[in-house]
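2 protein chains.
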Amino acid sequence: MSAPEADRIRPLRAEEIARWDREHDVVIVGFGAAGGSAAIEACRLGADVVVLERMSRGGGATALSTGLVYFGGGTEIQKACGFDDSVENMRAYVERAAGAHADPERIRLYCEDSVEHFEWLRSLGVEFKPSFHDHKVTHPTTDDSLVYTGNELAWPDGEVATPAPRGHKPAREGEAGGYLMEAILEAARDAGAGIVNDCMVERLVVDGTGRVVGVAARSFGEPLTVRARRGVLLAAGGFIANKEMLAQHAPDLLHCNYDVGTPGDDGRGIRMAMAVGAEAVNMSEGLILNSWYPPESHLEGILVDGRGQRFVNEDAYIGRTSDAMIRKADGLAYLIVDDEIYGQTQAFHKLAAVEETIEDLERALELPEGALVRTVAEYNRDASEGAGSSNGRGGRDRLFHKAPKWMRPLGSPPFAAVDCRVGRSIYGGLTLGGIAARATGEALDADGEPIPGLYVAGRTCAGLCREGRTYASGLSIGDATYFGRLAGRRLAAADSGSA
Amino acid sequence: MSAPEADRIRPLRAEEIARWDREHDVVIVGFGAAGGSAAIEACRLGADVVVLERMSRGGGATALSTGLVYFGGGTEIQKACGFDDSVENMRAYVERAAGAHADPERIRLYCEDSVEHFEWLRSLGVEFKPSFHDHKVTHPTTDDSLVYTGNELAWPDGEVATPAPRGHKPAREGEAGGYLMEAILEAARDAGAGIVNDCMVERLVVDGTGRVVGVAARSFGEPLTVRARRGVLLAAGGFIANKEMLAQHAPDLLHCNYDVGTPGDDGRGIRMAMAVGAEAVNMSEGLILNSWYPPESHLEGILVDGRGQRFVNEDAYIGRTSDAMIRKADGLAYLIVDDEIYGQTQAFHKLAAVEETIEDLERALELPEGALVRTVAEYNRDASEGAGSSNGRGGRDRLFHKAPKWMRPLGSPPFAAVDCRVGRSIYGGLTLGGIAARATGEALDADGEPIPGLYVAGRTCAGLCREGRTYASGLSIGDATYFGRLAGRRLAAADSGSA
Numbered sequence: 299m300s301a302p303e304a305d306r307i308r309p310l311r312a313e314e315i316a317r318w319d320r321e322h323d324v325v326i327v328g329f330g331a332a333g334g335s336a337a338i339e340a341c342r343l344g345a346d347v348v349v350l351e352r353m354s355r356g357g358g359a360t361a362l363s364t365g366l367v368y369f370g371g372g373t374e375i376q377k378a379c380g381f382d383d384s385v386e387n388m389r390a391y392v393e394r395a396a397g398a399h400a401d402p403e404r405i406r407l408y409c410e411d412s413v414e415h416f417e418w419l420r421s422l423g424v425e426f427k428p429s430f431h432d433h434k435v436t437h438p439t440t441d442d443s444l445v446y447t448g449n450e451l452a453w454p455d456g457e458v459a460t461p462a463p464r465g466h467k468p469a470r471e472g473e474a475g476g477y478l479m480e481a482i483l484e485a486a487r488d489a490g491a492g493i494v495n496d497c498m499v500e501r502l503v504v505d506g507t508g509r510v511v512g513v514a515a516r517s518f519g520e521p522l523t524v525r526a527r528r529g530v531l532l533a534a535g536g537f538i539a540n541k542e543m544l545a546q547h548a549p550d551l552l553h554c555n556y557d558v559g560t561p562g563d564d565g566r567g568i569r570m571a572m573a574v575g576a577e578a579v580n581m582s583e584g585l586i587l588n589s590w591y592p593p594e595s596h597l598e599g600i601l602v603d604g605r606g607q608r609f610v611n612e613d614a615y616i617g618r619t620s621d622a623m624i625r626k627a628d629g630l631a632y633l634i635v636d637d638e639i640y641g642q643t644q645a646f647h648k649l650a651a652v653e654e655t656i657e658d659l660e661r662a663l664e665l666p667e668g669a670l671v672r673t674v675a676e677y678n679r680d681a682s683e684g685a686g687s688s689n690g691r692g693g694r695d696r697l698f699h700k701a702p703k704w705m706r707p708l709g710s711p712p713f714a715a716v717d718c719r720v721g722r723s724i725y726g727g728l729t730l731g732g733i734a735a736r737a738t739g740e741a742l743d744a745d746g747e748p749i750p751g752l753y754v755a756g757r758t759c760a761g762l763c764r765e766g767r768t769y770a771s772g773l774s775i776g777d778a779t780y781f782g783r784l785a786g787r788r789l790a791a792a793d794s795g796s797a
Numbered sequence: 299m300s301a302p303e304a305d306r307i308r309p310l311r312a313e314e315i316a317r318w319d320r321e322h323d324v325v326i327v328g329f330g331a332a333g334g335s336a337a338i339e340a341c342r343l344g345a346d347v348v349v350l351e352r353m354s355r356g357g358g359a360t361a362l363s364t365g366l367v368y369f370g371g372g373t374e375i376q377k378a379c380g381f382d383d384s385v386e387n388m389r390a391y392v393e394r395a396a397g398a399h400a401d402p403e404r405i406r407l408y409c410e411d412s413v414e415h416f417e418w419l420r421s422l423g424v425e426f427k428p429s430f431h432d433h434k435v436t437h438p439t440t441d442d443s444l445v446y447t448g449n450e451l452a453w454p455d456g457e458v459a460t461p462a463p464r465g466h467k468p469a470r471e472g473e474a475g476g477y478l479m480e481a482i483l484e485a486a487r488d489a490g491a492g493i494v495n496d497c498m499v500e501r502l503v504v505d506g507t508g509r510v511v512g513v514a515a516r517s518f519g520e521p522l523t524v525r526a527r528r529g530v531l532l533a534a535g536g537f538i539a540n541k542e543m544l545a546q547h548a549p550d551l552l553h554c555n556y557d558v559g560t561p562g563d564d565g566r567g568i569r570m571a572m573a574v575g576a577e578a579v580n581m582s583e584g585l586i587l588n589s590w591y592p593p594e595s596h597l598e599g600i601l602v603d604g605r606g607q608r609f610v611n612e613d614a615y616i617g618r619t620s621d622a623m624i625r626k627a628d629g630l631a632y633l634i635v636d637d638e639i640y641g642q643t644q645a646f647h648k649l650a651a652v653e654e655t656i657e658d659l660e661r662a663l664e665l666p667e668g669a670l671v672r673t674v675a676e677y678n679r680d681a682s683e684g685a686g687s688s689n690g691r692g693g694r695d696r697l698f699h700k701a702p703k704w705m706r707p708l709g710s711p712p713f714a715a716v717d718c719r720v721g722r723s724i725y726g727g728l729t730l731g732g733i734a735a736r737a738t739g740e741a742l743d744a745d746g747e748p749i750p751g752l753y754v755a756g757r758t759c760a761g762l763c764r765e766g767r768t769y770a771s772g773l774s775i776g777d778a779t780y781f782g783r784l785a786g787r788r789l790a791a792a793d794s795g796s797a
């Protein structure tokens, strides 16, 4: 299918540009966490920077998020809360969290510079509170600043590195991503970056040598051409909002019915870079999030598939449990709870069935005869090994090594199945594929060579974390801000093009 | 990482070509099933065609294969063997076999033209025998020409379309792919195609408008430039032999330790096209093949994962069972058999354990306590519902709907676990991602627009079948030959470039 003319992204040639409306050292496309961080650093190094933002205001996906940032190696907050962490220990965990095919150089830099990067974010005015939120949550709502956000405590990761909480949330109640982004946006303005909102970059402009020398944009219907003396940074988000791209590159993510991002995450940044020969990699991977908890008590339930079999340790990070719901359970998953566990459930949870016995629940869910009964009996046997403990929790999960603190036999009727099926529950998604790039942002072509004048950061590039099933919350904002900074510094130091 | 100079694939500009050593209407890169079929058709329509083959002889992956081709809709062989089939019925099945995100136009054409395409292949001298091989096999070794090669009879596909065997094997014992390819190579030569062996195409050449106008190749160390008046067809295979590309695009396929292809399947064709702005899609998908049978009796065993749980219906096509071994069992799979089932096993099967009881087998495999015992007991209960039948087979597989003909309680000691683990058994793989293209071969850019002068076929493009877990044997050779023909015809009719 051909794209409509307005959606075309093939590059323009410099000789097709009759007039450059603006000219800057550095042109940044997208005013989210990556673009904003890059703008701050490039300006501070003396570059003349403009940021072109397609929405009416910057912020990007980060402004819509909880604002968790993955820091470690011994931040002041970690120390104040009594947690020992080191660069080496953080790195041992991040190597797993980033996925099997991540870039070792990105992992190394990210961990070595984590304390410095934390202080940099604080220096922008983002406040953190030295208090530890000792709960398993997907979106912490208190103003506590330290929380476990990945698989640090879950099998098998807990055996690889000494667990330490590394999710750092700004000291604000509720969702704190907006608060975090306000600090970045203000710092970028203060540093002197020019900001053009409501300005959608439509195409890159290349000269006869293949160097990217500017962009062609549109603002309120009017064309705007912007020449970039040192380079263009695409920090324009991922492609979760582009269903055609998902079908072509990341079919598993089509099961998601909630975009973790903005409508701007339509892949245009990635496609503009591909169209000048940049290589897109890791495109099939993404983070899938089915929030089957809170309440925290749900972790004491068991996740089963359409055969009534368990398929994952329930205390793993939801990126892993959700990936397993898709890949292992084929999108046909239920959380089985008893009345005590069910607790204060959330409005977005729907119940597939409620029955007085597991036998009836099995029938109501049309699971294979005897399958759920057997699974629960076996789980209860494993969990009853902790029956003697003071709070009734404990046991030994022979199948999936769920931690004893979440185990308790299911026994208080009625029993319910929280619906986690695709199409019946909320599956959020974001993409983890994008343009191949050096840690300092240079976009790479299929030969692994930098494309002169073109840089990428944030979800437009294949960044730090490459797999949703290994992910930890905070890695995306951490990646976008940190590598955005590196790209901004690199751009400020780049040679001017000869165009 | 930058590629070594010799491996670089960025296009050359026409003005960099000092001299065109050769000039033809149509330049075909790769003399496999796709390139050969294209050459035949283009020559027959009067085009001046050259085929550049990097190996010392054509044949490609097809020459190394069993030579199965997926034909249907009522071929003479199907009719002679007493099977009713129709275009509509074939299409209902191929829509599933091609995968959820396949191109409907390719499916339609492939099914509508299948009888014609079968007769075309016969007209090249490829013989088929009207005999049905009534066995579940991965690589039929007899000279029978008709066999079931997909999930036609397996749940749930058997409920969607009336099952009909569509795997057509040339009437030769053993592997027949070489025989099939000899006919295609000879027909291409007879039609007048020029053949240059030992000639590796290294880069495409583009003119100032972006049109592909030729190729730069190397033959025995000497450079060779070839101008293409009408166009270049890349029919250069997939990328299973390029482990770096697999890591970037198809990480699941890195579990494969046997390339279903040739060393030429290094992705160079795909990368050359990407480098001129063609879009690569479906890159994460591939066919994974763990041949845990023959012997056919193995289908009466049960596949279990590291938790001792079943995870797939064992009578599904091995593309599906192998995909499940990776995605559902995390590469930790065993086939559990008893002495009667074990039968005449193959040299490439290794046993992970052999024990007198299931309890001992469970312990030897270090499966969770009681898990395998329970799984076997339950399977035996399901299978014993057929105990009254004349051959002892039958039953009802409550979990996965395996067909009764493969069910029999496991009961004759000793019991064995055939090792299907990643790293301990053979996982073959081929890639199913490639350049986005029209059914007639025009390579498409990120806007969905054809790149003038550039065509793709075979595994270099994202073709008919997009998912290994839905695949049926014969779809790749069917796709390569049929869409190779369409591309050859399209190229013969293409306008000459203005370069």
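Residue numbers (this note's numbering), protein chains in the order written: chain G, 299 to 797; chain W, 299 to 797. Positions of the beta carbon are idealized from the N, C-alpha and C atoms, including for glycine. In this text the structure is predicted, and so the values were computed from the model without any measurement.
Could you give the uninterrupted runs of the beta strand (DSSP E) lying entirely in the stretch 413-498 of chain W, keeping only those of 3 residues or more? 492-494
By the criterion of Cβ-Cβ separation under 9 Å, what are the contact partners of GLU667(W) in chain G? ARG696
Given ALA701(G), which residues of its chain have a CB within under 6 Å of its CB, disregarding the five upstream and five downstream residues? ASP613
Taking contact to mean at least 3 C-beta pairs separated by less than 8 Å, is the stretch 542-556 of chain G in contact with the stretch 688-702 of chain G? no
Buried or exposed: LYS377(W), going by 16 or more other Cβ atoms within 10 Å of its Cβ? exposed
Through-space distance from LEU310(W) to SER796(W), alpha-carbon basis: Note that SER796(W) scores a pLDDT of 45, beneath 50, so its modelled location is shaky; the value from the coordinates is reported in the next line. Going by the C-alpha atoms only, they are around 17 Å apart.
Can you confirm whether HIS399(W), when its beta carbon is compared against all beta carbons of chain G, has any partner nearer than 8 Å? yes
Report yes if the CB atom of ALA573(W) is closer than 8 Å to the CB atom of ASP505(G), and no otherwise. no
Enumerate in chain order the residues of its own chain whose CB-to-CB distance from ARG608(W) is below 8 Å, with the five nearest sequence positions on each side excluded. ILE600, LEU601, VAL602, THR673, TYR677, LEU697, PHE698
Can you give the Cα-Cα distance for ARG342(G) and ASP621(G), rounded to whole angstroms? 41 Å
Considering just the uninterrupted stretch of the alpha helix (DSSP H) at PHE781(W), what are its terminal residues? 773-791
Using beta-carbon positions only, say whether THR447(W) and GLY472(W) come within less than 8 Å of one another. no
Report the residue from LEU502(W), ASP441(W), PHE369(W) whose alpha carbon sits nearest the alpha carbon of GLU298(W). Here chain W comprises residues numbered 299 to 797, so residue 298(W) is not present and cannot be evaluated.
At the level of alpha carbons, what is the spacing between CYS379(G) and PRO461(G)? 14 Å
Which bits of chain W does GLU307(G) rub up against, with CB to CB less than 8 Å? The sequence given here places Ile at residue 307(G); Glu does not occur at that position. What ILE307(G) touches in chain W: ALA744, ASP745.
Judging by CA-CA distance, which residue of GLY721(W), VAL671(W), GLU638(W), GLY731(W) is the nearest neighbour of MET705(W)? GLU638(W)
Beta carbon proximity, VAL579(G) to chain W, threshold 8 Å: yes
Quick one: grab the DSSP three-state call for TYR408(G). helix
If you measure from the beta carbon of HIS240(G) to each beta carbon in chain W, is any gap under 8 Å? Beyond the ends of chain G as shown, which are 299 and 797, falls residue 240(G); an answer cannot be given.
For ILE538(W), collect the residues of the same chain with a Cβ closer than 6 Å to its Cβ; drop the 5 residues on either side in sequence, then sort them by chain order. ASP557, GLY559, ASP563, GLY727, LEU728, THR729
Against chain W, with Cβ distances strictly below 8 Å, would SER796(G) count as a contact? Residue confidence is low: SER796(G) scores 45 on pLDDT, short of 50, so the model does not pin down where it sits. No coordinate-derived value is stated.
If you compare alpha carbons, which of SER582(W), LEU551(W), LYS648(W) is closest to PRO549(G)? SER582(W)
In the DSSP assignment, the beta strand (DSSP E) including TYR615(G) goes from what residue to what residue? First-last for TYR615(G): undefined, no H or E at that position.
Taking one C-beta from the stretch 361-376 of chain G and one from the stretch 765-776 of chain G each time, how about it: are there three or more such pairs within less than 8 Å? yes
Please confirm if MET572(W) has its CB atom under 8 Å from at least one CB of chain G. yes
Less than 8 Å between CB atoms is the rule here; does ALA474(W) satisfy it with respect to chain G? no
Assumed close pair LYS626(W), SER723(W) - CB separation to whole angstroms, cut-off 8 Å: Rounded, the Cβ-Cβ distance is 16 Å, inconsistent with contact.
Just checking: is the beta-carbon of PRO468(W) within a distance shorter than 8 Å of some beta-carbon in chain G? no
According to DSSP, simplified to helix, strand and coil, what is CYS718(G)? coil
Excluding sequence positions up to five away, which residues of its chain have a Cβ less than 6 Å from the Cβ of MET479(W)? GLY357, THR360, ALA361
Buried/exposed call for GLU457(G), threshold 16 Cβ in 10 Å: exposed
Taking CB distances under 8 Å as the criterion, tell me whether LYS626(W) reaches chain G. yes
Assuming LEU585(G) contacts GLY766(G) (C-beta within less than 8 Å), just tell me the rounded distance between them. 4 Å
Is the shortest distance between the beta-carbon of GLY584(W) and the beta-carbons of chain G less than 8 Å? no
Just to make sure I have the definition right: I need the residues of chain W whose C-beta is within less than 8 Å of the C-beta of HIS547(G). Which are they? VAL579, ASN580, MET581, SER582
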